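Engineer: In the numbering used here, the protein residues as written are 26 to 364. The C-beta atom is built at its ideal place from N, Cα and C for all residues, glycine as well. Remember, it's a predicted structure, so these values are computed and weren't measured experimentally.
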Ligand SMILES: NC(=O)c1ccc[n+]([C@@H]2O[C@H](COP(=O)([O-])OP(=O)(O)OC[C@H]3O[C@@H](n4cnc5c(N)ncnc54)[C@H](O)[C@@H]3O)[C@@H](O)[C@H]2O)c1
């Protein structure tokens, strides 16, 4: 399998970069696609690309997955038995102000990837969904058997839509698809729009940090290496058809076709205030906290039930918040010369 090219979309993004780096180290030739948009500091995306370009088996195209003809050109040039779609407009809060960006990248872009996979006989499409699909649910931990019909942001709605779109392609055209609901991923080379990143910056610079819902939140923070390990274990395990699927008791995460959705989360939610205290200890400085009410689109707690993942690939994330944040803070200081 290792001589076969894998397509990673969103390769200059946080998760795409780490996954691509790891796959290249394992010997896979990788084609990366990214439009290098300026949703956050583009310099960081170029720096990640610089790291990837050190590998001879990395090939990169700067293009938008919403452009179907350009996507087809890439697929026509190279057959991809495995496609990993991570390109998306991420961020819950941004979707309140800029909904159309989510339609272009997450709906039109994802549809283009599905169509390209259909016409090029892709053997396994893995794509990023999100813990946000659980929306207004209060039953914990969040299980892939739960109904997810109450998203509280357009971002979440597009991710749920991706799972539905993938199901139709598994059903109609037999394309094996695996959707991964990631839970608050953090780590070196991370995303500046996420709280762990801006908190670190603001604590180091002595600036105020905004603590929403007065700190009364819990997140199932998941370290990047655990996410990458989970994806890698799934690559050569496309979901199998299941003629015995129980249609009288259906779950949203599987069907009789080669379709599957998993949670990938740490399975250990951390209180936001404990998270901030850990960061303070690692940075060696007290945070200047500004308590604010809940933001629209946010959810109070995320907590992943990962029994299915354990059962199917024998994998459980292992990185504690203390270890993961230590790696992040060390990287942050090195990257921004803050030592
Ligand atoms: N990081 C998390 O905590 C988290 C949680 C849940 C789900 N996800 C999902 O995982 C995936 C990767 O997230 P990330 O944290 O690496 O985000 P990221 O923003 O760092 O990476 C996404 C990359 O995709 C690119 N991109 C966006 N729209 C594109 C388009 N139309 N065409 C081509 N490239 C495009 C961006 O330039 C970016 O480099 C996304 O689908 C995101 O929604 C992430």
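Does DSSP put residue 196 in a helix, in a strand, or in coil?
Structural biologist: In this structure, residue 196 counts as helix in the three-state DSSP scheme.
Engineer: Which term fits residue 216, buried or exposed, when burial requires 16 or more other beta carbons within 10 angstroms of its beta carbon?
Structural biologist: Counting Cβ neighbours within 10 Å, residue 216 comes out buried, since at least 16 surround it.
Engineer: In terms of DSSP beta bridges, what is residue 204 paired with?
Structural biologist: Looking at the DSSP assignment, residue 204 forms a beta bridge with 152, 286.
Engineer: Return the residue from the list 356, 186, 257, 32 that minimises the CA-CA distance to residue 339.
Structural biologist: Measuring from the Cα of residue 339, the nearest candidate turns out to be 257.
Engineer: Flag residue 52 as yes when its Cβ comes closer than 7 Å to any non-hydrogen atom of ligand 1, and as no otherwise.
Structural biologist: No; taking the cut-off as 7 Å, the Cβ of residue 52 has no heavy atom of ligand 1 nearer than that.
Engineer: State the start and end residues of the unbroken alpha helix (DSSP H) segment that holds residue 76.
Structural biologist: Run containing residue 76: 67-77, per the alpha helix (DSSP H) assignment.
Engineer: Pull up the CB-CB distance for residue 212 and residue 349, whole angstroms please, since I reckon it's below 8 Å.
Structural biologist: Contact holds; Cβ gap of about 6 Å.
Engineer: When burial is assigned at 16 or more other CB atoms within 10 Å of the CB, is residue 67 buried or exposed?
Structural biologist: The residue in question, residue 67, is exposed, as its Cβ has fewer than 16 Cβ neighbours within 10 Å.
Engineer: Taking the beta strand (DSSP E) that residue 33 falls in, what are its first and last residues?
Structural biologist: Counting along the chain, the beta strand (DSSP E) containing residue 33 begins and ends at 31-34.
Engineer: Quick one, are the C-beta atoms of residue 301 and residue 224 less than 8 Å apart?
Structural biologist: In contact: residue 301 and residue 224 (Cβ atoms closer than 8 Å).
Engineer: Please tell me whether, using a cut-off of 7 Å, the distance from the CB of residue 257 to the nearest non-hydrogen atom of ligand 1 is below it.
Structural biologist: Not under cutoff, so the answer is no.
Engineer: In this structure, does DSSP put residue 329 in helix, strand or coil?
Structural biologist: DSSP places residue 329 in strand when its eight states are reduced to three.
Engineer: I think residue 127 touches residue 77, with their Cβ atoms under 8 Å apart; what is that distance to the nearest whole Å?
Structural biologist: Residue 127 to residue 77, Cβ: 26 Å. No contact.
Engineer: Kindly indicate which three-state DSSP category residue 258 falls into: helix, strand or coil?
Structural biologist: Note: residue 258 maps to helix in three-state DSSP.
Engineer: Closer than 6 Å by C-beta to residue 242: which residues in its own chain qualify, once you throw out the five before and the five after it? Chain order, please.
Structural biologist: Within the same chain, residue 242 has close Cβ partners 297, 325.
Engineer: Using only the heavy atoms of ligand 1, determine whether one of them is closer than 7 Å to the beta carbon of residue 89.
Structural biologist: Yes; taking the cut-off as 7 Å, the Cβ of residue 89 has a heavy atom of ligand 1 nearer than that.
Engineer: Just the C-alpha distance for residue 354 and residue 114, rounded to the nearest angstrom, thanks.
Structural biologist: So the alpha carbons of these two residues sit roughly 25 Å apart.
Engineer: Can you tell me which of 251, 332, 135 puts its alpha carbon nearest to the alpha carbon of residue 194?
Structural biologist: That would be 135, whose Cα lies nearest to the Cα of residue 194.
Engineer: Please go through the region 108-196 and give each complete alpha helix (DSSP H) segment of 4 or more residues, from N-terminal end onward.
Structural biologist: Whole alpha helix (DSSP H) segments, 4+ residues: 119-122, 124-127, 134-144.
Engineer: Just the Cα atoms here: how many angstroms apart are residue 167 and residue 245?
Structural biologist: Their backbone Cα atoms lie some 11 Å apart in a straight line.
Engineer: Does ligand 1 have a heavy atom nearer than 7 Å to the CB of residue 139?
Structural biologist: False, no ligand heavy atom lies under 7 Å from that Cβ.
Engineer: In three-state terms, what does DSSP make of residue 28?
Structural biologist: Residue state, collapsed to three classes: coil.
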